[in-house]
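Numbering (my numbering), first residue to last: 1 to 224. Glycine residues also receive a C-beta, built at the ideal position from the N, C-alpha and C atoms. Predicted model, so just to flag it, every value in this text is computed and none were measured. Below you'll find the structure, written out as C-alpha cells, and then a few comments.
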C-alpha cells in the first residue's frame with residue numbers, strides 16, 4: 001500500500017504536467033514555409049487542390065492567413081492558429097470573396113477583413129462599407145431617432161489579389177456602442193445582420209466607379 005501512494009502521486013503529477021503543457025500558453029514557433037503549408041493543406045483538405053501558396057501573412061503572433069491558387073485556378077485561402085503548442089489549420093476556403101475573420105469571438109475589434117479576388121473580376125480596388133439608414137423606434141413609450149451613418153474603406157488589388165486587414169477601430173467601436181444601446185446581443189447581430197445595419201463590399205474600376213453588378217452583402221453569413 002505504501003508503495004502505491006508514491007506511484008499514485010507520480011501519476012497525478014505526470015497528468016498535471018501533461019495538461020499544463022498542452023493548455024498553458026506558449027510562444028509560437030516559426031510558421032511553415034509555403035511548400036510545407038501547401039503540403040499540409042492538401043493533406044488535411046484534399047478538395048482544395050492547392051497549386052501555389054501565394055504568401056504567409058501573420059495577422060497576429062498566433063494567427064496566420066495563407067492565400068493560395070488551386071489547380072483549378074480558384075483563389076482560396078487557409079486560416080491557421082497556434083494552439084496547444086502547434087500550428088493548426090482551422091479553416092479552408094476554396095474561393096474567398098470578402099469575409100470577416102473573427103479571431104476573438106467576444107470582441108469585434110479582433111476581426112479581420114479577408115479576401116482573395118480572382119483576376120477575372122477585372123477590378124483594381126475593393127470597397128468595404130458599413131451602413132445604417134436613419135430610423136425611428138419606440139422604447140418604453142418614448143420615441144427615439146437615430147441618424148444615418150456610413151463608413152467606407154478602399155483597398156488596392158494592384159499588387160496582390162489577396163489581403164487581410166484589421167477591421168477599422170471606428171467600425172468596431174460603433175458596433176459595440178450601437179448594440180449596447182439597443183440592449184441586444186451585438187455579437188450575434190454583428191454576425192447575422194439586422195434590419196438597420198448592413199456591411200457589404202463592391203469592386204471599383206480605374207475610374208473609381210462601383211461595379212454594382214458584382215457587389216455583395218456581408219451581413220448574411222459573411223463571417224468565416
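Since residue 68 and residue 50 are thought to touch, with beta carbons under 8 Å apart, how far apart are those beta carbons, to the nearest angstrom? 5 Å
Length of the line joining the Cα atoms of residue 114 and residue 38: 19 Å
So what does DSSP say about residue 35, is it helix, strand or coil? helix
In whole angstroms, what separates the C-alpha of residue 159 from that of residue 127? Residue 159 and residue 127: Cα-Cα distance of roughly 16 Å.
Quick one: grab the DSSP three-state call for residue 227. Since the first and last residues shown for the chain are 1 and 224, residue 227 lies out of range.
Do you know whose CA, among 135, 92, 125 and 164, lies nearest residue 45's CA? For the options 135, 92, 125 and 164, the alpha carbon positioned closest to that of residue 45 is the one of 92.
From residue 135 to residue 198, what distance separates their C-alpha atoms? 14 Å
Beta-carbon proximity check, residue 162 vs residue 54, cutoff 9 Å: yes
Outcome for residue 33 when other beta-carbon atoms lying within 10 angstroms are tallied against a minimum of 16: exposed
Leaving out five residues before and five after residue 138 in sequence, what residues of the same chain have Cβ atoms less than 8 Å from its Cβ? Cβ neighbours of residue 138 beyond the five flanking positions: 144.
CA-to-CA distance, residue 110 to residue 36, given in whole angstroms: 27 Å
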